[in-house]
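Heads up: the sequence shown at position 72 corresponds to 189 in this note's numbering, and the numbers run straight through without jumps. What follows is a set of notes on a single structure, which appears directly below.
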Amino acid sequence: MADIPDSHPRKASLISRQRMVEASKRGLLAESAMIAHGRGEAFDYLLGERTSDSASLAIREASARLLLAERPVISMNGNSTVLAGSEAIMIASILGCPVEVNIYYRTSERMESLIGELESLRDRLGRDSPKMTRESIMGVEILGAVADGRIPGLEGPRSLCSSQGIEQADVVLVPLEDGDRCEALVSLGKQVIAIDLNPLSRTSKTATVTIVDDVARAMGRIADVLLENPTTTDWNNEAVLIDALEIMSSSSLRIG
Ligand code: ATP
118 MADIPDSHPR
128 KASLISRQRM
138 VEASKRGLLA
148 ESAMIAHGRG
158 EAFDYLLGER
168 TSDSASLAIR
178 EASARLLLAE
188 RPVISMNGNS
198 TVLAGSEAIM
208 IASILGCPVE
218 VNIYYRTSER
228 MESLIGELES
238 LRDRLGRDSP
248 KMTRESIMGV
258 EILGAVADGR
268 IPGLEGPRSL
278 CSSQGIEQAD
288 VVLVPLEDGD
298 RCEALVSLGK
308 QVIAIDLNPL
318 SRTSKTATVT
328 IVDDVARAMG
338 RIADVLLENP
348 TTTDWNNEAV
358 LIDALEIMSS
368 SSLRIG
């Protein structure tokens, strides 16, 4: 892709699109990944491609809950690995928690590729970091290769997970989850922090804290906010979904 000038108003979106295209060629993504990404792009366009105030509040709440968690985990699929893999490693290194690859269309090839991708992102981040943080980054465990855990309430390969990750977690940060799995995790008593640009998805409606924002923007911000030691509030998740819908429905007045 030709260099996109910094002044281009949709530069970040075009870069993400290109990353998806390249990752798809490398076999990291499911066939339907582009469709899911396109749906996200449409919602992001309506949001003005920026983090709203209510999404910022959700990011603070999510960060506070992750800091309080006893066994947090970050669950990554293909799209989130491609768009926010480095950010996930940063968050995990701050929390001292594992990252687990957990995908809807599970094949051993894609599992291996995604685990390999996260390991190389971790190694690159570690190499480029100052000595102070290098050790915690290199210590981030990437789970998923051993599927010795189960998520009750789901059937077939979708119920598989790691006994060291999602199975025993009390708080799961899961960008781009599907609705069934989100519901199953919540019904197990786990707190689910979802990042989903669609405020109407089952995931958004079911999660404990929903961040209606682009996965790369939101994950980058979580890594920053964690360092500010935020505290939890009396969280009203429905309010952030309603706010996102209001922003989207008034967007035609803002654009152009
Ligand atoms: P659900 O099962 O929760 O109702 P769905 O079936 O509508 O969800 P999926 O196909 O499982 O959705 O996943 C796509 C979801 O991910 C969409 O809701 C889309 O808005 C969201 N999404 C896609 N790309 C991004 C992104 N970059 N950042 C955040 N969310 C995204």
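Glycine is no exception: its CB is placed at the ideal position from the N, C-alpha and C atoms.
Contact under 7 Å by Cβ, residue i with residue j
i: residue 188; j: residue 308; result: no
i: residue 177; j: residue 291; result: no
i: residue 324; j: residue 311; result: yes
i: residue 210; j: residue 149; result: no
With 16 other Cβ atoms within 10 Å as the buried cut-off, status of residue i
i: residue 367; result: exposed
i: residue 240; result: exposed
i: residue 345; result: exposed
heavy atom of the ligand ATP below 6 Å from residue i C-beta
i: residue 318; result: yes
i: residue 293; result: yes
i: residue 311; result: no
i: residue 340; result: no
i: residue 315; result: yes
i: residue 156; result: yes
i: residue 332; result: yes
i: residue 172; result: no
i: residue 356; result: no
i: residue 324; result: no
i: residue 337; result: no
Spatially closest choice to residue i from the options, by CA coordinates
i: residue 201; options: 358, 345, 334, 353; result: 334
i: residue 331; options: 163, 168, 344; result: 168
i: residue 261; options: 225, 249, 293; result: 225
i: residue 273; options: 317, 340, 243, 223; result: 223
i: residue 347; options: 179, 220, 271, 322; result: 179
**Study point:** Sufficient close CB pairs (3 or more, under 8 Å) joining the region 268-282 to the region 167-177
**Key:** no
Review point. Is the region 144-164 close to the region 241-259, with three or more CB pairs under 8 Å?
Key: No, because fewer than three Cβ pairs between the region 144-164 and the region 241-259 fall closer than 8 Å, the two stretches do not touch.
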